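See below for the structure under consideration.
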Amino acid sequence: MGTFKNHVIYQIYTKSFMDANGDGLGDLRGVCSRLDYLKELGVDDLWLTPFFKSPLRDNGYDISDYLAIDPVFGTMEDVEELIAQADQRGMGLMFDMVFNHTSTEHAWFQKALAGDPEYLDYYIFKDGAPDTPPTNWESKFGGSAWEYVPHLKKWYLHLFDVTQADLNWENPRVREELKNVIRFWKQKGIRGFRFDVINLISKPEQFESDRTGDGRRFYTDGPHIHEYLKELVHDTGIQDMITVGEMSSTTLNHCVRYSNPAERELSMVFSFHHLKVDYKDGKKWELKAPDYRQLKRLLSEWQLGMQEQNGWNALFWCNHDQPRIVSRLGDEHRYWKESAKMLGTAFHMLRGTPYIYQGEELGMTNPGYQTIGEYRDVESINYYKILLAEGKTEAEALQILGARSRDNGRTPMQWNAEDYAGFSNRKPWISIPDNHSSINAEAERADADSILNYYKKLISLRKQYPVIAEGTVGFLFEEQEETFCYQRETEEETLLVLNNFRDRKVTLPEALDISGYAYLAGNYGNTEGSAEVTALKPYETMVLYRTRNKMATD
Ligand code: GLC
């Protein structure tokens, strides 16, 4: 336990990382061909989004066979080769386990549809009349969470797309099947697992309609969740692997339990509250300017709460479900480089394990699609229709998608300035932003001051200074909306991390004495020689460091 604390994990969205076979879709051989890039970046582990057999309605999060590779991504030999090649470079792989639901094309669901009672019990089927769903719960992708199957005269639950049927974890046979999936991949020699929406697996005994919400309070962190996780982890012997759970609408208390080593559940958790500070009244599809005060409050609450109770956070701004952070909280035009570096620092120096989502290290931006025809994501397309039905104009709906769609983060990795950004030699499955001519890995490798080289630095600092992985965290200037400043500390070392979230110079509430501190990183240049910091420039970031030993010998 614990080795993950000084790791940095890189997320690969398999479909958009690198296309080796020229079909316009990323694949496993493509990933293999770019391992040297990742090694040079310095990351420890690679989390790959699902490449298992799937109709790809939800890009692989709709699995029809957990133990087979979808041919668009490659073969079992390709997976084995990838594991071996990553291993040779000292990097471990983490696979993505989607255990809340399967695709309706999965053999289990097909048998259920054929009326086999054993398999009907693998899912959540409820008797009922065709016009009244069992409850009023809503799917996370819009519309009802229930679908009626006329020949069975039953409804089945799908918290996500209609082709993603929720599994019945109450059934011990289902739990055994899923343990076998873990055992199968574990013996291939991978280092860890990411568990998709894992806190939704335990559904309540009674299914009742929700008077005030969409039903999530009944199944989020549900009644048997901790029991099920403990059983899964224990019975598959993955306690010492790196495991991260994606926790939807969760609470701090549950996350402490999921990640406190004494509980023997998971190594760490993804929670999302900090990525809702630009949702109007908590609604994803209503735009609002980011509330920085709320962002700071949430970050300090989760940092301090997890610290007090020995939990562990996964630190992230970006993933395949989120818009690009530089477009969202930074300034992708005037202060593109400064704001991308600041946002990276703000998270990498916190207490937890940082995740870099492909292209984040280049400062990749949202694509700015102008037509609905450019979108691919099932959620975005559903919500586009819902927004129009609610009376929004096409332009308004497109503006919302432009800020909120998951496709913003799913555009192909920008490797170079060529037509298809070096991702493929033919037109990719989703359009590439024009800015790949300047924002790309090749150009940034050659530029000492690039965002890419700055991320390398952030990663190497973690390896060099134990305080980053092990220190306590405490916050400074909590009342100041514009800045995000904190201190990390062990008995020997102190780290001071100063960030300005805004596009203007901000004066600190009081001058900070920085004499005796070394300057480790930043985006405006060395402060050494100055005795104090009184203000931060637009999107300025700096990491300052001091050891007691050094002080003593000075
Ligand atoms: C998670 C995945 C997302 C997927 C959903 C349903 O949130 O990250 O991409 O659509 O679960 O599996």
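So the number in the working numbering is just where the residue sits in the sequence shown, counting from 1, plus 201.
For glycine and all other residues, C-beta sits at the position ideal for the given N, C-alpha and C.
Please read these numbers as outputs of a predicted model, since none were measured by experiment.
Spatial distance of residue i from residue j (CA atoms)
i, j, result
"PRO555", "ASP328", "45 Å"
"MET743", "PHE676", "15 Å"
"ASN641", "TYR655", "14 Å"
"LEU268", "ALA719", "51 Å"
"TYR687", "ASP492", "19 Å"
"GLY416", "GLU694", "47 Å"
"LEU257", "VAL707", "47 Å"
"GLU509", "LEU530", "28 Å"
"LEU653", "SER234", "19 Å"
"TYR746", "GLU377", "50 Å"
"ASN700", "TYR740", "7 Å"
"THR768", "HIS435", "The shown model of the chain, from 202 to 755, leaves out residue 768, and the question about it has no answer."
"VAL280", "PHE473", "30 Å"
"GLN495", "GLY560", "27 Å"
"MET202", "MET442", "With a pLDDT of 41 at MET202, under the threshold of 50, the predicted position of this residue should be treated as unreliable, and no value is reported."
"ILE633", "PRO710", "43 Å"
"SER528", "PRO667", "32 Å"
"THR364", "ALA647", "45 Å"
"LYS586", "GLU487", "15 Å"
"PRO351", "ASN636", "50 Å"
"ASP755", "GLY553", "Caution applies to ASP755, whose pLDDT of 44 falls short of 50 and renders its modelled position unreliable; the model cannot decide the point."
"PHE678", "ARG689", "15 Å"
Range of the contiguous beta strand (DSSP E) that encloses residue i
i, result
"PHE675", "Note that residue 675 is Gly in the sequence shown here, rather than Phe. From DSSP, the beta strand (DSSP E) with GLY675 extends over 673-677."
"THR742", "742-748"
"THR444", "443-447"
"TYR211", "210-213"
"SER304", "302-304"
"MET543", "No beta strand (DSSP E) holds MET543; the alpha helix (DSSP H) holding it covers 537-549."
"ASP367", "365-367"
"LEU353", "No beta strand (DSSP E) holds LEU353; DSSP gives it neither H nor E."
"TRP486", "484-488"
"ARG689", "684-690"
Cβ pair residue i, residue j closer than 9 Å
i, j, result
"TRP630", "LYS206", "no"
"LEU229", "GLU306", "no"
"ALA736", "ILE715", "no"
"THR566", "LEU599", "no"
"SER581", "LEU602", "yes"
"THR452", "ASP422", "yes"
"TYR576", "GLY610", "no"
"VAL674", "LEU476", "no"
"GLY446", "ILE399", "yes"
N- and C-terminal bounds of the alpha helix (DSSP H) containing residue i
i, result
"LEU249", "That residue, LEU249, is in no alpha helix (DSSP H); its beta strand (DSSP E) goes 246-249."
"CYS456", "453-460"
"PRO318", "318-321"
"LEU653", "652-665"
"LEU496", "493-509"
"TRP386", "373-387"
"GLU597", "595-605"
"GLU282", "277-289"
Check: residue i C-beta below 8 Å from any heavy atom of the ligand GLC
i, result
"ASN520", "yes"
"SER449", "yes"
"ARG465", "no"
"TYR459", "no"
"ARG663", "no"
"PHE252", "no"
"GLU580", "yes"
"ASN654", "no"
"TYR558", "no"
"TYR576", "no"
"GLN407", "no"
"TYR746", "no"
"ASN301", "yes"
"ASN260", "yes"
"GLN615", "no"
"ASP279", "no"
"VAL478", "no"
Chain C within 9 Å of residue i, Cβ atoms only
i, result
"ALA642", "The chain labelled as chain C is not found in the depicted structure, where only one protein chain is given."
So, do the segment 295-314 and the segment 254-263 have three or more beta carbon pairs nearer to each other than 8 Å? They touch, by the three-pair rule.
Can at least three beta-carbon pairs, one atom from the segment 395-413 and one from the segment 365-372, be found at a separation below 8 Å? Yes: the two stretches touch, three or more of their Cβ pairs being nearer than 8 Å.
On the three-pair Cβ rule with 8 Å, is the segment 544-559 touching the segment 512-532? yes
On the three-pair Cβ rule with 8 Å, is the segment 276-296 touching the segment 481-491? no
With a cut-off of 8 Å, do at least 3 Cβ pairs link the segment 456-472 to the segment 425-435? Segments in contact, yes.
Can you find at least 3 beta carbon pairs, one from the segment 318-332 and one from the segment 345-358, that sit closer than 8 Å? yes
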